[in-house]
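Below is one structure, written out as structure tokens; the observations come after it.
Numbering (the numbering used here), first residue to last: 118 to 490.
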């Protein structure tokens, strides 16, 4: 694994250089006027990669998604001062990205924004951004998912329900139950037609479980033994993922681990523990699998993503704390499309970071070969 300190120090030097530049430029206004010079091109940002050379690159940073500007559409930029002071961005800019869903063809990226009360739809092909819920805001949207027809399922925390919209953004139905307290992430198993809803409930309630509904909204069962630290117990479950066999991965956030359940909801295993070494977690949140079956776990506390194989061996981490493009600040969700393109919700940077898995085959999913040659 590579350390993110190199990228962080580079970002710091870039910030210092920019500050010095802004202090020096006003003095130039007293100089004798000269012929108009050509507009100076902005320096190209260094795109981060992991691990660092000379090891074989596995993860490449691609771009950020936050507004139309990131799709090549001209609009007013936020000032550097606004970004530096944390001024809340305008309505058409991501603010608190909480979950991500990607269309089957990889052309449309949906992002639930907990603060803007909307779902941002980035159409990468049409270069358009649609603000779903602008006229009728959602009640704190957290988790989102797409079914086979690309109907959009939105988990609203404040209303404790899941709202379903069709491709034309018209409401189809509402899913809820009296036992559902504070829905977080949601996942759909298209083969079985099941909807999984992580419910972290509240600290004083015991019902920390994953609720399982059919797509019409009937509650079928619950997964997990409830609040606790035992094998199969959950303590603030937040994010979910499904593998091709239908096994359910649950980020057991305050137990600092990932729990795995089979298709019948039976506990099978867990990996991870609290700590600051490779393979350990502080606050695990988003979880996803690539096309080789490797498990990616976002850690909001460490501001990185760790990659594990199916033997729970840690292969690599990427990200690291910072505002420089490709670094992260308290990330939340992760989604990986069919082409192993990776989307990470970069919560405190008001954006989604996009990465690409490269130079990797199924045979590389072993600890000795994944980080380099």
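C-beta: ideal position from N, C-alpha, C; glycine also.
All figures in this text were calculated on a predicted structure; none of them were measured in a lab.
(1) Below 8 Å between beta carbons: does that hold for residue 360 and residue 369?
(2) In the DSSP output, what is residue 470 paired with across the bridge?
(3) Between 295, 414, 437, which has its C-alpha nearest residue 374's C-alpha?
(4) Considering only C-alpha positions, which residue in the set 482, 465, 479, 254 is nearest to residue 206?
(5) Would you decide whether residue 208 is buried or exposed? Buried here means 16 or more other CB atoms lie within 10 Å of its CB.
(6) Within a Cβ cutoff of 7 Å, which residues of the same chain sit near residue 340, ignoring the five residues on either side of it in sequence?
(7) In the DSSP output, what is residue 436 paired with across the bridge?
(8) Does the region 425-437 touch the region 387-400, meaning 3 or more C-beta pairs lie closer than 8 Å?
(9) I want to check one thing, is the minimum distance from the CB of residue 420 to the heavy atoms of the ligand NAP below 7 Å?
(10) Under 8 Å between the Cβ atoms of residue 237 and residue 470?
(11) Once DSSP output is grouped into helix, strand and coil, what is the label at residue 326?
(12) Among the residues of its own chain, which have a CB less than 8 Å from the CB of residue 268, if the five just before and after it don't count?
(13) Distance, Cα to Cα, residue 149 vs residue 434?
(14) Could you have a look at residue 222 and say whether DSSP puts it in helix, strand or coil?
(15) By a C-beta neighbour count over all protein chains shown, 10 Å radius and 16 as the cutoff for buried, is residue 337 buried or exposed?
(16) Report the rounded CA-to-CA distance for residue 388 versus residue 342, giving the unit in angstroms.
(17) How big is the Cα-Cα spacing for residue 210 and residue 409?
(18) If you draw a straight line from the C-alpha of residue 457 to the C-alpha of residue 478, how long is it?
(19) Check whether the Cβ atoms of residue 355 and residue 301 sit closer than 8 Å, and answer yes or no.
(20) How big is the Cα-Cα spacing for residue 240 and residue 228?
On the basis of the supplied data:
(1) Judged by their CB atoms, residue 360 and residue 369 are not nearer to each other than the 8 Å cut-off.
(2) Residue 470 has 181, 461 as its beta-bridge partners, per DSSP.
(3) The shortest Cα separation from residue 374 among 295, 414, 437 belongs to 414.
(4) Minimum Cα distance to residue 206 is reached at 465.
(5) By the neighbour-count rule (16 or more Cβ atoms within 10 Å), residue 208 is not buried but exposed.
(6) Within the same chain, residue 340 has close Cβ partners 326, 327, 329, 365, 378, 382.
(7) Looking at the DSSP assignment, residue 436 forms a beta bridge with 421.
(8) Segments in contact, yes.
(9) This structure lacks the ligand NAP; in fact it carries no ligand of any kind.
(10) Not closer than 8 Å, so no.
(11) Of the three classes helix, strand and coil, the one that applies to residue 326 here is strand, per DSSP.
(12) Here the set comprises 281, 282, 283, 284, 289.
(13) Bear in mind that the predicted position of residue 149 carries a pLDDT of just 45, short of 50, making it unreliable; the figure below should be weighed with that in mind. Those two C-alpha atoms are separated by around 53 Å.
(14) DSSP places residue 222 in coil when its eight states are reduced to three.
(15) Exposed is the call here.
(16) Straight-line Cα distance between these residues: approximately 17 Å.
(17) Cα-Cα distance, rounded: 33 Å.
(18) So the alpha carbons of these two residues sit roughly 11 Å apart.
(19) Yes; because the gap between Cβ atoms is below 8 Å, this pair is in contact.
(20) Their Cα atoms are separated by approximately 11 Å.
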